[in-house]
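Position 76 of the sequence shown, counted from 1, bears residue number 75 in numbering that gives the first Met the number 0, the numbering being contiguous throughout. Report on one structure; see the data block that follows.
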Amino acid sequence: MSDANVPKGTDDVLVRLTGVSKRFGEKVVLDGLDLAIPRGANVVIMGLSGTGKSVTLKCMCGMLNPDAGTVSVDGVQVNGASRKDLRRVRSKMGFVFQGAALINWLSARENVALPLREQGLKAREVDEIVDQRLDEVGLSDIGDKFPGELSGGMRKRVGFARAVATGPDLVLYDEPTTGLDPMTTRTIDELIVAGRDRYGATGVVVSHDVKSALRVADRIALLYEGRVAAFLTPDEFVASDHPVIRSFLDLDPADDGSGRRAP
Ligand SMILES: Nc1ncnc2c1ncn2[C@@H]1O[C@H](COP(=O)(O)OP(=O)(O)OP(=O)(O)O)[C@@H](O)[C@H]1O
Ligand SMILES: [Mg+2]
C-alpha cells in the first residue's frame, strides 16, 4: 500500500478512460468520466449504489461500449476494437465477478483451468498451474468439489484463483467482499494485495466496504454524478470532507480496520 506502487507522472498508465459517457435510455450513468489507472497499482472505485461502478468496469473490459469517449488498456483502444484486438486485450485480464460467477457444473479445478485451456496450454501444464493456484488460495483439498458444495468465501477464493490463473496484467474485481464475514473479507483483501505484489497485476476493485478499500488501495476513486469526483490516497480519503466520502466513513466510524483512525 505504499506510494511506490503508484508511478509518478502519467506515463505509466495501464487503463485510461477519457471523457467516457454512457446512458441507458434517459438515464445518464457516466457523464464525461476521466480515470487513469497507474500500472502496478490497486485502485478502488467507491460510490453509492447505482452510480455506475459496474458499468465502468464493463467499459474497461469491452463488455459495454461507451456512447462517447475512449477506453484504452495498455495502449489499445478497447471501445470499437476488432474482435481479434479485444480477445488479445482480454487475454491479459482476469475478472472476479460479483458473486464469483463460477460455472456450477464444473468442479473448482475445472473452473480454474478454463482460462488456461483457452490459452492452449497442455493438460499437464494446466494441472500444475491449477494445483499451484488452489494452493495459494488455501484450497488445495477442495479442487474436486462443485461450486454448490462450497461456502461463499470459498467460491470467491476459487474465483480469485481463476482470475489470476494465467498471470494477467490487469484484474478487475466487482464487489469481491460483499456478503462475506470480516475474517473472510480479510482473506480476500490479502489475495487482492497479493494480486499486486505476488503477480505484479494492476487491480481495479469496486467496493462498498471502506475497511477493505483502505486495506487494499493505493488510490481510491470516488464515482459521483457520472464522474470521478476524487482520486485519493487512503490517508487523503480518510481526511476528506466530501459528503459522500464522509457518509461512507461515518457509517464505519473511528476504527477503519487499517490501523488508521478517522478524524
Ligand atoms: N445493461 C443495462 N441496461 C439498462 N440499464 C443499466 C444496464 N446496466 C446498468 N444499468 C443502469 O445503470 C446504472 C448504474 O449501474 P451499475 O450497475 O454500474 O451501478 P453500480 O454503481 O455498480 O451499483 P451497485 O453498487 O448497486 O452494484 C443503474 O441505474 C443501472 O440500472
Ligand atoms: Mg455494481
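We put the CB at the ideal spot given by N, CA and C, even for glycine. Just so we're clear, the structure is a prediction, and the values are computed from it rather than from any experiment.
Can you tell me where the beta strand (DSSP E) with residue i in it begins and where it stops?
i	result
residue 45	41-45
residue 173	169-173
residue 33	26-37
residue 102	Premise fails: residue 102 is in no beta strand (DSSP E) and is neither H nor E.
residue 232	Where residue 232 is concerned, there is no enclosing beta strand (DSSP E), given that its DSSP letter is neither H nor E.
Relative to the C-alpha of residue i, which residue among the options is closest?
i	options	result
residue 224	22, 96 and 14	22
residue 71	48, 25, 38 and 94	38
residue 185	167, 208, 169 and 195	208
residue 95	106, 83 and 110	110
residue 179	85, 206 and 14	206
residue 42	248, 200 and 247	200
residue 215	194, 136 and 17	194
residue 30	228, 247, 181 and 248	228
residue 101	155, 246 and 33	155
residue 192	217, 50, 97 and 19	217
How many Å lie between residue i and residue j at the Cα?
i	j	result
residue 250	residue 243	11 Å
residue 169	residue 189	17 Å
residue 264	residue 231	No statement about residue 264 is possible, as the shown extent of the chain runs from 0 to 262 and does not include it.
residue 122	residue 138	20 Å
residue 254	residue 237	In this predicted model, residue 254 has a pLDDT of only 45, less than 50, meaning its place in the structure is not dependable enough to derive any value.
residue 142	residue 133	7 Å
residue 1	residue 196	At residue 1 the pLDDT is 45, less than 50, meaning the model places this residue with poor confidence; the figure from the coordinates comes in the next sentence. If I take the Cα positions, the gap works out to 11 Å.
residue 92	residue 171	8 Å
residue 131	residue 235	37 Å
Helix, strand or coil, according to DSSP, for residue i in the structure here?
i	result
residue 139	helix
residue 267	In the structure displayed, the chain extends from 0 to 262; residue 267 sits before or after that span and is not available.
residue 144	coil
residue 19	strand
residue 74	coil
residue 257	Reliability fails at residue 257, whose pLDDT of 46 lies under 50, so the model's placement of it is uncertain and the value that follows must be treated cautiously. Here residue 257 sits in coil by DSSP.
residue 158	helix
residue 221	strand
residue 92	strand
residue 69	strand
residue 202	strand
Under DSSP, the alpha helix (DSSP H) around residue i begins and ends at which residues?
i	result
residue 183	181-196
residue 165	No alpha helix (DSSP H) holds residue 165; DSSP gives it neither H nor E.
residue 55	52-59
residue 211	209-215
Discussion item. So, does the region 148-168 touch the region 112-129, judging by three or more C-beta pairs under 8 Å?
Written reply: Two segments are said to touch when three or more pairs of C-beta atoms, one from each, lie closer than 8 Å; by this definition the region 148-168 touches the region 112-129.
Practice prompt. Check whether the region 34-49 touches the region 219-239, taking contact to mean three or more Cβ pairs, one atom from each stretch, closer than 8 Å.
Written response: Enough Cβ pairs lie closer than 8 Å, so yes.
Worksheet item: For the 8 Å Cβ check, are there 3 or more pairs between the region 51-60 and the region 68-84?
Response: In short, these stretches touch, since the Cβ pair count reaches three.
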